[in-house]
Each structure stands twice: as C-alpha cells, then as structure tokens.
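Engineer: One structure, pasted below without further comment.
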Amino acid sequence: MSQGSPQATNPNTLRVPHLKGRFPDGSTGDFPLGDLTTLGRHPSNTIRLVDREVSKEHANIERMGRDFVLRDLGSSNGTFVNGRRVAELRLRDGDEITLGASKLVFHVGEASGSFAQVPGPPVGGTVPNPNNPGRAAPRVTVVAQSHSIPAFLAQMDQQVPQNFRPAEQIQELNTLKREYEKLRIAYEFHRQVSQKGKQEDLFEQILAAAFQLLAADHGVILKKGDDGQFNSIIAMKHRQGSPPNVMVPATVLQKVAETHKAVLTADAIIDERFSSSESIVAQGIRSAMAVPLMSKGQLEALLFIDSRQQTNAFSEKDLTILSGIAAQASIALENSALAAQIQTEAITRAELSRFLSRAVAEAVIRGETEDLRQSRLAEVTCLFADIRGFTTLSENESPQEVVSMLNEFFTLMAGVVFRHEGNLDKFIGDCVMAVWGPPSSHPDDPARALRAALEMQDAVEVLNGSRMAAGKPPIEVGIGVNTGQAVVGYMGSTERHEFTAIGDTVNTASRLCGLAKGGEVVATHSTVLKAGTGFEVEAMPVTQVKGKEKGVQAFRVLGLEITNSHHG
1220 MSQGSPQATN
1230 PNTLRVPHLK
1240 GRFPDGSTGD
1250 FPLGDLTTLG
1260 RHPSNTIRLV
1270 DREVSKEHAN
1280 IERMGRDFVL
1290 RDLGSSNGTF
1300 VNGRRVAELR
1310 LRDGDEITLG
1320 ASKLVFHVGE
1330 ASGSFAQVPG
1340 PPVGGTVPNP
1350 NNPGRAAPRV
1360 TVVAQSHSIP
1370 AFLAQMDQQV
1380 PQNFRPAEQI
1390 QELNTLKREY
1400 EKLRIAYEFH
1410 RQVSQKGKQE
1420 DLFEQILAAA
1430 FQLLAADHGV
1440 ILKKGDDGQF
1450 NSIIAMKHRQ
1460 GSPPNVMVPA
1470 TVLQKVAETH
1480 KAVLTADAII
1490 DERFSSSESI
1500 VAQGIRSAMA
1510 VPLMSKGQLE
1520 ALLFIDSRQQ
1530 TNAFSEKDLT
1540 ILSGIAAQAS
1550 IALENSALAA
1560 QIQTEAITRA
1570 ELSRFLSRAV
1580 AEAVIRGETE
1590 DLRQSRLAEV
1600 TCLFADIRGF
1610 TTLSENESPQ
1620 EVVSMLNEFF
1630 TLMAGVVFRH
1640 EGNLDKFIGD
1650 CVMAVWGPPS
1660 SHPDDPARAL
1670 RAALEMQDAV
1680 EVLNGSRMAA
1690 GKPPIEVGIG
1700 VNTGQAVVGY
1710 MGSTERHEFT
1720 AIGDTVNTAS
1730 RLCGLAKGGE
1740 VVATHSTVLK
1750 AGTGFEVEAM
1760 PVTQVKGKEK
1770 GVQAFRVLGL
1780 EITNSHHG
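The opening residue of the sequence shown carries number 1220 in our numbering; numbering runs sequentially from there.
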C-alpha cells in the first residue's frame, strides 16, 4: 500500500486483518494491516488523515504474533477506542478507533466482499486515473478545507472569444499588446489542438497546449464524478519526473465551479492566509491556477495547473493566458460535441431510413414528431407485396437460404418504396407493407404507389435471374394497392410502438394482395382513378373480398403507358 492518502489495495478475495474507515465527508474504505501501520497527518504515514485534530505522527498499530496492538504516539488530541482515551491497547474484533473526526473499526479478518477503492482522506478524496489501467496510476487528491478557506490572489471572468478590431481603431500600445496576445494564444492553441479522435484526446491536447504556453509542473483536468463533485480525472500531465499524488484544493474547485471565473493562487507556502491549508502547505505548491472549461454555456470541466519550482511562478498575465486557452478550448469542445452529434445523427438517420422515407426520418431527427403522436383520419395509399408459395419454397431450402432470400427480397422492396418516397410500415412474414400518406403526404401518392408496385415486379425479375443462375427456383410476388381513409399515428404499448395505418382501406389492400397472382399488381378503382393517366390497366370482374359487404371493382395494372414511360 502506498504512503500518503488512505489508498486501499483491491484484492477481490482478500480476508486479512484490516481497518474499515468512515470519514466526515461520507467516504469509506478498507485498509489491510501489515506488520506496522502508522496513522497521522504527515504524508509519510501508512494511513494519512488530513485533519487538523490529528497529529503528524498520531498513532500506530503493530502486529504481535496473531494480535495487533494500538499505541498512541503522544498525540495532542488523543486516541480513543470505543469512546475511551487509550495510550496502548490490544485490539479486539469490532473495536472502534477514533482519531480526530475519523473512525476506523478493527476487524480480525472476516472481510465481507472486496476492498473498496477508497475515495481518499477523511476530508477529501483520492481519485484513480482511468488512463493506463493495470499499472500504478498517478492520482489527484481533492482535499476539502474544514478549518479555513484559501484566499485567491486574482480572479478573472471567463473570456469569450471576440473578433479582432481593425488596426486603425487601436491607439494604445498596451491594447495592441493585449490583442496580439489573444491572437498568439489562439494561433498556438489551434496549431496544437486537432479535432481527431475522442473528446478525451482533445482534453489531453488542451493540457499540452497549457504546458506549451505556461511554466507548469503538474496539470489535471477534472470532470464531475458520480457524486456530483469535480473529482474524476480525464487528463493529467507532468513536466518531468514520476507522477506525484497531485493535491487540488477543493475550495479552489468550488470557487471556479460556482463563479465560472479563472483563479490564481501564488506563493502559498509563505503566505499566512494558507497556513492551515493542508492541501497546499503539505505539497509545497508555490503557484496554482484553475480555469473553467465551458461548452455551450455549461461547465464541462475544470483545468488546474501548479508550479513548485519557483516563488510567484504564475502572474496575472499567466492567468490571462490560461483563461485565453480556456476560451479557445470552449470552441474546440463545442466543435467536438457538434462532430459527435453529427455522427450520432448520421447513425440515427441511417437506422430510421431503414423504415421511413428520407423526409420522415429527417422530421424525426429534427424533433418534429408532434404530428406523429396525434392519431387522426387521413387519406392513404396502402401497398402489400407478398411472396407466392413461400411455405413450399421454405420447405425445399435450408433455413439459412430462406433467410438470405428474404433479406435480399426485403432490401430490394424497401429500396423501391423509398425511391418513391413512401413509408416502409412493416415486414409481415414474407410480406411487405408500405404506406403513402402522413406524415409526409404528396398530391400524387396513388401514382407513386402504383409506379412503386410496377418497379417491385421488375426488381423481382432481376432477383429471379440471379437465383436461376445459381440453380435456385424463381419466386413470384403478388401486389395489392388501395387508396382511402385510414387512422394513422403511433400505435402500440408505451414501451413499443410504431407509426402505422389501420382501417378498412388497409384491410382491402391486403385482400387484393391475396387475390393477385404471381407477377400481378392489383389496385382498386379509387387508386386507379386518383393516380390519373399514365398507367395501362385492365378491369377485373367485381370481386367479393372478406370483410366487405359489397363487391370490389379491381384493376390489373399492366404497366406504364408508352407516352408516360419517363415516370418509371
């Protein structure tokens, strides 16, 4: 176990003598006991407790055979076991040890479950770096200050990237220098930062740009964790040497998060205002800055950098530079978010386009779905296309061949529907249902549906050519089309629903599909009438269909008239 903040190892099945800690900030953790375990405020302790009521070397626990003995090391505020102050005591299972505001319960080795990754010291939290799993990762300890609030030497409003004024409008040299500095930052930032890769890569580049422009030793970018606090590491960088356990004052993070302003602290070690700030004093931070990283007006993350090499390493000018970097970073973050949104929409559009016409898919992506939710009566033209003799076909081919054939058939049919701007309603076994009408209606929907039906039969002929070339039997498809009033809208359960059409018009189209022979397109009189000229049709005898009291006048649609073939 590493020295410093209370940091438990994580063997999943470990059952050894250990302490179970409970700290004032609500964090908990399990700490296995070795031959000698030291407890205190100093970083060298096995279990470090950042608490002003705890002495630097407060107490230790020594293994003596199968027992463990707790000794107070002359602490100022004492060591307590089960509420009684002790100097030395042989621990028993369940004893509660109190040091300052921290409580640790001794267990002889019946650990239940795995040891937790401890959030950190009792007044803060140590957060593992998600990068480079499987190796000892650098950590950031966010230390809250229960006894004092650090002062801030400078604050600056979050900069908003602005246009540069024409040279003739700048009269003062200092103004010109400021404008130049903004230009330099923007240039250097965009020279180093690209939009390639994931957003996590962008954060790494933002941190690299900060190190390029500023004399920082350590830097970290934090996002909100599950507890709502900024303690989740998304990027970390060190100028040289092995990565330390970087300590970040919680009050600094809180200040930046609340005000959205960049802050500067400097020369913290000799500044009496920081005398009780363990997070800064213990680690020797000489200068530190923190800035908000915004995206679309929202706080996306916090960037914190420090320097321990020299007094007053950072100045207000550096804070201006870092704030400028943050302003440029906000543009990069928004661009990254926009790129991710475009990619997501492209995937969504591709998925929706498998079932809806392009116009409807675009309406759904734009959120214009109010009309879809409102079920209403509207005129539609409904088409059913069904494979004839499918049962016999499926008995003579393997399941894999049947599925392959259906997928190829459905792909061809869907492509035809979309080319004529219809909506693919559903696949029903070996049948395709398509609807022309709401939510994207056209004046010539009946004609579109008939042209689609004829093109479907052409596509089946092409499919049969390849099937026969492969020694497989051809398939035959019958198509029925009807136009009339139907109820359209979202239908189904709250968890699973679809935009569809129901009613007599739909049922009649399905019945006509059943009457159509292989290779035929059969349409009702209403469809042929509303489709207008341009189609070669042949009247069929009035037919009685199931569910209809009166006979239905149907027509075979033989093809397009020669003079109007350009509509095909």
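Every residue, glycine too, gets a C-beta built ideally from N, C-alpha and C. The structure displayed is predicted, hence computed values, not measured ones.
1. Can you list the alpha helix (DSSP H) stretches of 4 or more residues lying completely in the segment 1735-1759, in chain order?
2. Exposed or buried, PRO1618, counting other C-beta atoms within 10 Å across all chains shown (16 or more means buried)?
3. As a quick exercise: from LEU1748, SER1729, LYS1736, pick the residue whose alpha carbon is nearest that of LYS1765.
4. Between GLU1491 and SER1555, what straight-line distance do the alpha-carbon atoms span, to the nearest angstrom?
5. Assign ALA1558 to buried or exposed, taking buried as 16 or more other Cβ atoms, counted over all protein chains shown, within 10 Å of its Cβ.
6. Please report how far the alpha carbon of VAL1706 lies from the alpha carbon of VAL1636, in whole angstroms.
7. Measure how close the beta-carbons of PHE1422 and ALA1545 come, nearest whole angstrom, since I'm counting them as under 8 Å.
8. Can you tell me which of LYS1456, PHE1523, ILE1698 puts its alpha carbon nearest to the alpha carbon of LYS1442?
9. For a quick check, are the C-beta atoms of ASP1644 and ILE1606 less than 8 Å apart?
10. Threshold first: 3 residues or longer. Then list the beta strand (DSSP E) segments lying entirely within the segment 1642-1721, N to C.
11. Does the distance from the C-beta atom of THR1746 to that of VAL1696 stay below 8 Å?
12. Roughly how many whole angstroms lie between the Cα atoms of ASN1348 and SER1451?
13. Only counting the same chain, and skipping five residues up and downstream in sequence, which positions put a Cβ closer than 6 Å to that of ILE1316?
14. Considering only C-alpha positions, which residue in the set GLY1284, MET1513, ASP1446, GLY1641 is nearest to GLY1245?
15. Just reading off the beta strand (DSSP E) that LYS1474 is part of, what are its end residues?
16. Could you pull the start and end residues of the alpha helix (DSSP H) that GLY1313 belongs to?
17. What is the DSSP secondary structure of SER1321, reduced to helix, strand or coil?
18. Taking buried to mean at least 16 other C-beta atoms within 10 Å of its own C-beta, is VAL1725 buried or exposed?
19. Report buried or exposed for VAL1651, applying the criterion of at least 16 other Cβ atoms within 10 angstroms of its Cβ.
20. So what's THR1724 in DSSP terms, helix, strand or just coil?
21. Leaving out the 5 sequence neighbours to the left and right, which residues in its chain are closer than 6 Å to ALA1306 when beta-carbon positions are compared?
22. Is it true that the segment 1743-1757 meets the segment 1611-1628, where meeting means three or more beta-carbon pairs spaced less than 8 Å apart?
23. Could you tell me the boundaries of the alpha helix (DSSP H) in which SER1263 lies?
24. Using only CA atoms, which one of PRO1236, PRO1657, GLN1704, ALA1633 lies nearest to MET1675?
25. Can you give the Cα-Cα distance for ALA1427 and ASP1436, rounded to whole angstroms?
26. Just list the residues that DSSP pairs MET1508 with in beta bridges.
27. Does DSSP classify GLY1444 as helix, strand or coil?
28. Using the rule of at least 16 other Cβ atoms within 10 Å of the residue's Cβ for burial, across every protein chain shown, is ALA1278 buried or exposed?
29. Am I right that THR1762 and GLY1751 are in contact with their C-beta atoms under 8 Å? What's the rounded C-beta distance?
30. Go to ALA1633, then tell me how far its alpha helix (DSSP H) extends in each direction, as first and last residue.
31. Nearest to VAL1288 by alpha carbon, out of LEU1268, ARG1309, GLY1543?
32. Under a three-way DSSP split, which group does ALA1548 fall into?
33. Give the secondary structure of LEU1252 by DSSP, where H, G and I count as helix, E and B as strand, and everything else as coil.
34. Would you say GLY1293 and ARG1304 are within 8 Å of each other, going by their C-beta atoms?
35. Please name the residue in ALA1668, GLU1620, LYS1749 whose C-alpha comes closest to that of PRO1692.
Structural biologist: This is what the structure holds:
1. 1744-1750
2. exposed
3. SER1729
4. The predicted model places GLU1491 with a pLDDT of 39, which falls under 50 and marks its position as unreliable, so this point remains unresolved.
5. exposed
6. 21 Å
7. No, PHE1422 and ALA1545 are not in contact; Cβ-Cβ is about 12 Å, not under 8 Å.
8. PHE1523
9. no
10. 1642-1647, 1650-1655, 1695-1711, 1716-1721
11. no
12. Annotation note: pLDDT 41 at ASN1348 (below 50); position unreliable, coordinate value reported separately. Approximately 8 Å, taken between the alpha carbons.
13. VAL1300, LEU1323
14. ASP1446
15. Element bounds for LYS1474: not the beta strand (DSSP E) but the alpha helix (DSSP H), 1469-1478.
16. Run containing GLY1313: none; DSSP gives neither H nor E here.
17. strand
18. buried
19. buried
20. helix
21. ASP1291
22. no
23. Where SER1263 is concerned, there is no enclosing alpha helix (DSSP H), given that its DSSP letter is neither H nor E.
24. ALA1633
25. 12 Å
26. LEU1483, ILE1524
27. coil
28. buried
29. Actually they are not in contact, since the Cβ atoms of THR1762 and GLY1751 sit about 23 Å apart, beyond 8 Å.
30. 1618-1638
31. ARG1309
32. helix
33. coil
34. no
35. GLU1620
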